[in-house]
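Heads up, the sequence shown is in numbering that gives the first Met the number 0, so the first residue is 0 and it goes up one at a time. Don't be surprised by glycine CBs; every beta carbon is placed ideally from N, CA and C.
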Amino acid sequence: MKQAGLNDEGINKLLAIKKEVTKESDQELAADVVVIGAGGAGMAAATTANQAGKTVIVIEKASKMGGNTILSGGAFNAVDDGSETAIANKDSVEKHYTQTFEGGDKQGDPKLVRTLVENAWSGVVWLKSLGMEFQDGVFTVTGGMWPRAHKPVEPEGTGFFKTYQEYIDKNKGITMVYNTTADELIVENGIVTGVRCTGKSGNTITVKAQNGVVLATGGFGQNIEMRMKYNEISKKWPTLDASIPSTNTSGITGDGMIMAEKIGANLVQMENIQLLPLGDPKTGSLSGNIEHAVESRIFVNLDGKRFVNEGGRRDEMTLALFDQKDTTMYIVMDSDTYPKGDELNNFGESIASLVSAGRSLKADTLEELAQLMGVPADNLIGTVKAYNRYCKDGDLAGTADEFGRTLFSDTDGINNGINDGPFYAAVRVPTVHHTMGGVQINELAQAISTSGEVIPGLFAAGEVTGGIHGSNRLGGNALSDTIVFGRIAGTSASNFARQE
Ligand code: ADP
């Protein structure tokens, strides 16, 4: 247009006309229940509401369902109290409660923590009833502190969404509205009755709910302004500016919290932001993470030395990583995890493909591995030797190491330390993962106002809510949260009837 002689003003005018011409007409939609966000919590809520006989409209900013949930490693903490698995792992719902509550420095609302742990297993049973498949047994996810994570058969979080899509295809009554961003909640006579949205072409889409509205828009890990603002309060992390990447998908920008706050919802513990020490150095994503479970790997800094309890809390591990050279570490493990050399990691990538893409290093000896990593070989060999003493068959097996680590042997008993070549290493950096603060809710997933009252018509579930996980979320509890509170929100929103 410039070559045709138009100045900036002329170009802008033309572009505005073009937008006006291609803009679709405004729309008004209605359903019994309206869900905002098609991630883990939103789809659990939508499915549950539909199972209760309700029509549902799901509004989703992106072009497909999944949110951050689909990018996760799939770990779902749940204890089937008294089962063989729980007994074999010395686990119980009570232990899950204690580890969740104490792992968050007792900042979580005890009633919400109870609700989470007591309903997690029925969440697994519900997912299975919808056709979702889980692998046998449990594993310890990073920061999970204990072997209680169930792993779906499908990679990452894809199994959840395959299940929901199949449900939608088989049953009538759930309408997915993609490429549509919710902008503001509609409040009539003090009741939340719907949401105003912007469609792909810039048109306004107004969606009204006969029953309740469920907010399930996730956290704010990709909103740099918000994470810097709230980190200023806790000062937990040295910085959360743009130099720190995130595992989150780009649309996770705190929209739900902003919308809810505008209509008087109480935002709690926004300063509680979780980082993982497991980010891809280029993208911050969890892909390329070679670990399968806590017990079979160590973290090594650029000096070839361990520096933290790798079975501990996520915040402690990541804070320790910030103190290491270039805030960079390697995950190091042996072939116990990849005996054939072409198995998949928790993110559906084969170790062979990661090695050939240069995203994982592989060597027959620790000396060669150290060379590839660029760390002193003597240090790495010494580090591994010292670590192996605590593993199965080691002379210090059964005791805690100098960092307080107690999780050493795989539950299947295969892993007995890092001693069977070939050896693997993958470089990792700190990455923003989960925001524990958000909209205050009660056990019925009703949103709470700044004056402590229930906000009629508004329900919230998943990462958009706050006050469950406290200062530090236990690894594997986010998916449980989406299912437990997503289902509760779906039920509560279905039961909500306006009294006008
Ligand atoms: P949770 O784990 O809590 O379910 P996810 O990150 O999995 O959270 O999903 C949140 C979903 O909400 C994402 O798919 C995201 O694109 C969607 N979302 C975020 N903001 C909006 C918005 N303003 N309008 C519609 N959808 C949104």
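CA-to-CA, the gap between Gly466 and Asn418 works out to about 43 Å. The segment 319-333 makes contact with the segment 427-434; the number of CB pairs closer than 8 Å reaches 3 or more. At least one heavy atom of the ligand ADP is found less than 7 Å from the C-beta of Asn67. It is roughly 32 Å from the alpha-carbon of Gly52 to the alpha-carbon of Phe219.
In this structure, the CA atom of Leu266 is about 47 Å from the CA atom of Ala369. Distance from the CA atom of Met144 to the CA atom of Phe407, rounded to whole angstroms, is 12 Å. Sequence-distant Cβ neighbours of Leu379 in its own chain, meaning closer than 6 Å and more than five residues away, are Gly303, Leu365, Ala369.
In this structure, the alpha-carbon of Ser479 lies about 32 Å from that of Lys199.
Closest option to Phe422, judged by alpha-carbon separation, among Ala385, His433, Ile350: Ile350. Each of Thr216, Asn118, Gln50 was checked against the Cα of Lys169, and the nearest Cα belongs to Gln50. A Cβ-Cβ separation of about 12 Å leaves Met227 out of contact with Gly253 under the 8 Å criterion.
Three or more beta-carbon pairs separated by less than 8 Å link the segment 94-101 to the segment 135-154, which places the two stretches in contact. Where Arg195 is concerned, the enclosing beta strand (DSSP E) starts and stops at 190-197. Rounded to whole angstroms, the separation of the alpha carbons of Trp236 and Leu274 is 9 Å. The beta carbon of Ile232 lies closer than 6 Å to those of Glu270 in the same chain, with the five residues before and after it left out. DSSP places Gly485 within a helical segment (H, G or I) once states are collapsed to three. Here the distance from the Cβ of Ile58 to the nearest heavy atom of the ligand ADP is below 7 Å.
When secondary structure is reduced to three states using DSSP, Arg497 falls in the coil class, being assigned neither helix nor strand. Contact between Leu371 and Ala362 holds, with the beta-carbon distance rounding to 6 Å and staying under 8 Å. Selection Leu115, Met332, Lys281, Gly436 evaluated against Gly485 yields Leu115 as nearest (Cα-Cα). For the pair Gly211 and Glu187, the Cα-to-Cα distance works out to about 13 Å. Judged by beta-carbon spacing, Leu457 lies within the 8 Å limit of Leu184, meaning their Cβ atoms are closer than that value. Val124 counts as exposed, since fewer than 16 other C-beta atoms from the protein chains shown sit within 10 angstroms of its C-beta. Per DSSP, Tyr423 is one residue of the beta strand (DSSP E) stretching across 422-434. Taking a 10 Å sphere around the C-beta of Asp333, we find 16 or more other C-beta atoms and assign the residue as buried.
Taking 8 Å as the cut-off, the Cβ atoms of Ala264 and Ser448 count as close. Between Lys150 and Phe133, the gap from beta carbon to beta carbon is short of 8 Å. Placement of the Cβ of Glu462 at a distance of less than 7 Å from at least one heavy atom of the ligand ADP is found. When secondary structure is reduced to three states using DSSP, Asp325 falls in the helix class.
Linking Gly156 to Thr481 through their CA atoms gives a straight-line distance of about 12 Å. The way I'd put it, the segment 329-345 does touch the segment 287-301; three or more beta-carbon pairs between them come closer than 8 Å.
Selection Ala488, Glu442, Ser470, Asn11 evaluated against Ala459 yields Ala488 as nearest (Cα-Cα). DSSP, read as helix, strand or coil, puts Ser491 in helix.
Selection Asn476, Gly255, Thr99, Val206 evaluated against Gly122 yields Asn476 as nearest (Cα-Cα). Note on geometry: alpha-carbon atoms of Ala40 and Gly158 lie some 14 Å from one another. If you look at Asp182, you'll find it in the beta strand (DSSP E) that goes 180-187.
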